[in-house]
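*Asks:*
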Amino acid sequence: MSLISSIIPALNRTAAPTTAKLATGDFAPTIKPAYELSETADGFALTVYLPGVEHAGLEFKADAENLSVIARRTWKTPAAWTSLYRESDTASYELTLSHENIVDLDKVQAELRDGVLRVALVKSESVKPRQIKVT
Amino acid sequence: MTLVRYAYPNIRPLNTFARTLSPWAGLESEIDRLFQSTRGGVAGATATRRVPVDLYEDKDNTYVRAELPGVNREDINIELVDGYLSIAATRKNKTADREESVSLTRSVSVPDAAVQADKITAAYENGILTVTLPKREEAKPRKVTVAVK
Chain U
0 MSLISSIIPA
10 LNRTAAPTTA
20 KLATGDFAPT
30 IKPAYELSET
40 ADGFALTVYL
50 PGVEHAGLEF
60 KADAENLSVI
70 ARRTWKTPAA
80 WTSLYRESDT
90 ASYELTLSHE
100 NIVDLDKVQA
110 ELRDGVLRVA
120 LVKSESVKPR
130 QIKVT
Chain P
0 MTLVRYAYPN
10 IRPLNTFART
20 LSPWAGLESE
30 IDRLFQSTRG
40 GVAGATATRR
50 VPVDLYEDKD
60 NTYVRAELPG
70 VNREDINIEL
80 VDGYLSIAAT
90 RKNKTADREE
100 SVSLTRSVSV
110 PDAAVQADKI
120 TAAYENGILT
130 VTLPKREEAK
140 PRKVTVAVK
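Chains as they are written, first to last, in numbering that gives the first Met the number 0: chain U, 0 to 134; chain P, 0 to 148.
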């Protein structure tokens with residue numbers, strides 16, 4: 000085995016879990032929520048559809064590279080209910096978007112209402128187009 | 000041969016933050032999509048226009064739970080016609096410069112004879128609509144004790 004590993008160095012590597020999952024210690028499968036991202040005059044508008052998620056189950060983090068959303072559904076099927084047909088998933092939602100430091104993290108505004116997370120992202124000053132005066 | 004459920008195509012821009020991403024962004028999102036499509040059959044709201052529905056029952060009621068994120072309560076319309084429970088909703092998205100509305104519809108077959116149509120109730124919470132359909136007395140499971148002589 001060690002011979003094979005020495006020939007193929009990739010075998011020695013272990014898969015690196017995403018940082019968002021490491022933080023929570025939760026390795027359960029997640030699903031990627033539907034989301035929309037559009038560019039506005041001074042930034043981006045992000046809409047993430049998270050049906051069944053309350054404020055308590057939502058974790059929204061922003062760092063210099065990524066925006067990450069982890070959302071857990073709070074509703075549990077009552078014990079007396081029998082499921083007849085399922086289309087939805089009970090797994091948590093996870094979405095990570097890389098913004099490569101073009102977003103001003105001090106001005107991120109987010110609102111969760113009726114299962115929709117709306118985030119307003121403002122572009123950082125360094126990436127905004129600047130008028131350069133030619134003398 | 001196995002049946003593979005149709006995965007709804009994702010509505011997503013070609014790359015998330017245009018222009019500033021790495022040259023591999025297109026490939027990355029393509030690989031993302033590939034892996035996601037293997038779970039596409041079970042994934043919740045992979046596309047924004049789909050209305051996933053769950054059906055449950057207990058002793059007295061049948062429950063229909065539909066995922067309808069971001070809809071106002073007054074824009075939800077529920078009708079029971081000819082044994083079909085139809086849910087129609089309009090999502091209104093307002094941005095600074097434009098307003099768009101998306102209509103979402105879904106109908107579920109409900110046995111007419113088993114439901115007390117005048118006692119249907121619905122609740123909307125956190126983007127999930129729960130419709131409670133009370134069962135008729137005759138549709139409930141009956142327990143008959145037979146005395147043995």
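Heads up, the beta-carbon is just placed ideally off N, CA and C, and yes, glycines get one too.
1. Helix, strand or coil: how does DSSP classify leucine 49/U here?
2. Span of the beta strand (DSSP E) holding glutamine 173/U?
3. Taking the C-alpha atoms as reference points, what is the distance between isoleucine 30/P and lysine 139/P?
4. Compare the C-beta of alanine 46/P against all C-beta atoms of chain U and say whether one is closer than 8 Å.
5. Would you list the one or two residues that DSSP bridges to glutamate 93/U?
6. Which of the three DSSP states is assigned to valine 107/P in this structure?
7. Within 8 Å (strictly less), CB to CB, does serine 108/P reach chain U?
8. Mapping DSSP to helix, strand and coil, what is isoleucine 119/P?
9. DSSP three-state call for glutamate 66/P: helix, strand or coil?
10. Starting from the beta carbon of aspartate 62/U, find every residue of chain P whose beta carbon is closer than 9 Å, and list them in chain order.
11. Based on the DSSP secondary-structure assignment, which residues constitute the bridge partners of leucine 36/U?
12. Given alanine 61/U, which residues of its chain have a CB within under 7 Å of its CB, disregarding the five upstream and five downstream residues?
13. Can you tell me whether histidine 98/U is buried or exposed? The criterion is at least 16 other CB atoms within 10 Å of its CB, across all chains shown.
14. Where isoleucine 77/P and alanine 113/P are concerned, what is the direct C-alpha to C-alpha distance, given to the nearest angstrom?
15. Grouping DSSP H, G and I as helix and E and B as strand, with all else coil, what is lysine 127/U?
16. Under a CB-based cut-off of 8 Å, is aspartate 111/P close to chain U?
17. If the cut is a Cβ gap below 7 Å, which residues of chain U does glycine 82/P touch?
18. Using CA atoms only, rank isn't needed, just tell me which of Leu83/U, Asn100/U and Ala9/U is closest to serine 164/U.
19. Hey, is glutamate 58/U's beta-carbon within less than 8 Å of any beta-carbon in chain P?
20. Count the other CB atoms within 10 Å of the CB of lysine 142/P; is the residue buried (16 or more) or exposed (fewer)?
21. Please tell me whether valine 52/P and glutamate 86/U are closer than 8 Å, where the distance is taken between their beta carbons.
22. Assign arginine 49/P to one of three DSSP states: helix, strand, or coil.
23. Are there 16 or more other CB atoms within 10 angstroms of the CB of proline 128/U, so buried, or fewer, so exposed?
24. Which same chain residues, not among the five before or five after lysine 31/U, have their C-beta less than 8 Å away from its C-beta?
25. Taking the continuous beta strand (DSSP E) assigned at valine 80/P, which residues delimit it?
26. What residues in its chain sit with their C-beta under 6 Å from that of valine 126/U, if we drop five residues either side in the sequence?
27. Please report whether the beta-carbon of aspartate 117/P lies at a distance below 8 Å from any beta-carbon of chain U.
*Replies:* Once the coordinates are examined:
1. Stepping through the first sequence from its first residue, residue 49/U is reached at position 50. It is coil, neither helix nor strand.
2. For chain U, the structure presents residues 0 to 134; residue 173/U sits outside this window and is missing.
3. Residue mapping note: residue 30/P aligns to position 31 of the second sequence, counting from 1. Residue mapping note: residue 139/P aligns to position 140 of the second sequence, counting from 1. If I take the Cα positions, the gap works out to 49 Å.
4. Start at 1 with the first residue of the second sequence, and residue 46/P comes out as number 47. Confidence in alanine 46/P is poor, its pLDDT being 46 and thus under 50, which makes the residue's placement too unreliable to answer from.
5. If you number the first sequence from 1, residue 93/U lands on position 94. Answer is Ile69/U, bridged to glutamate 93/U.
6. Residue 107/P sits at position 108 when you count from the first residue of the second sequence. Strand.
7. As a first step, residue 108/P must be located in the second sequence, where it is residue number 109. So no, serine 108/P is outside the interface.
8. To locate residue 119/P, count along the second sequence from 1; it is residue 120. Coil.
9. Here residue 66/P refers to the residue found at position 67 of the second sequence. In the displayed model, glutamate 66/P falls within a strand according to three-state DSSP.
10. Residue 62/U sits at position 63 when you count from the first residue of the first sequence. Among the residues of chain P, none has a CB under 9 Å from the CB of aspartate 62/U; the nearest is roughly 15 Å distant.
11. As a first step, residue 36/U is located in the first sequence; it is residue number 37 there, counting from the start. BP columns for leucine 36/U point to Leu45/U.
12. Position 62 of the first sequence holds residue 61/U. So the qualifying residues of the chain are Leu104 and Val107.
13. As a working note, residue 98/U is residue 99 in the first sequence. The residue is buried, with at least 16 neighbouring Cβ atoms inside 10 Å.
14. Locating residue 77/P in the second sequence gives position 78, counting from the first residue. Locating residue 113/P in the second sequence gives position 114, counting from the first residue. Going by the C-alpha atoms only, they are around 18 Å apart.
15. The sequence position of residue 127/U within the first sequence is 128, counting from 1. Residue state, collapsed to three classes: coil.
16. Here the question's residue 111/P lines up with position 112 in the second sequence. Not one chain U Cβ lies under 8 Å of aspartate 111/P.
17. Sequence index remark: in the second sequence, residue 82/P carries index 83 (1-based). Within chain U, no residue comes near glycine 82/P; the closest Cβ sits about 16 Å away, beyond 7 Å.
18. Because chain U spans 0 through 134 in this model, residue 164/U falls outside it and cannot be assessed.
19. Translated into the one-based positions of the first sequence, residue 58/U becomes position 59. Under the 8 Å criterion on CB atoms, glutamate 58/U is classed as non-interfacial with respect to chain P.
20. Numbered from its first residue, the second sequence carries residue 142/P at position 143. Residue environment for lysine 142/P: exposed (fewer than 16 other C-beta atoms within 10 angstroms of its C-beta).
21. As a first step, residue 52/P is located in the second sequence; it is residue number 53 there, counting from the start. As a first step, residue 86/U is located in the first sequence; it is residue number 87 there, counting from the start. Cβ distance < 8 Å, so valine 52/P and glutamate 86/U count as in contact.
22. For the purposes of this step, residue 49/P is identified with residue 50 of the second sequence, where counting begins at 1. Here arginine 49/P carries a coil assignment [DSSP, helix/strand/coil].
23. Taking the first residue of the first sequence as position 1, residue 128/U is located at position 129. Under this definition proline 128/U is an exposed residue.
24. Mapped onto the first sequence, residue 31/U falls at position 32. Within the same chain, lysine 31/U has close Cβ partners Tyr92, Glu93 and Leu94.
25. As a first step, residue 80/P is located in the second sequence; it is residue number 81 there, counting from the start. Run containing valine 80/P: 75 to 80, per the beta strand (DSSP E) assignment.
26. Stepping through the first sequence from its first residue, residue 126/U is reached at position 127. So the qualifying residues of the chain are Ile101.
27. Residue 117/P sits at position 118 when you count from the first residue of the second sequence. Interface residue (Cβ-Cβ distance to chain U less than 8 Å): aspartate 117/P is not classified as such.
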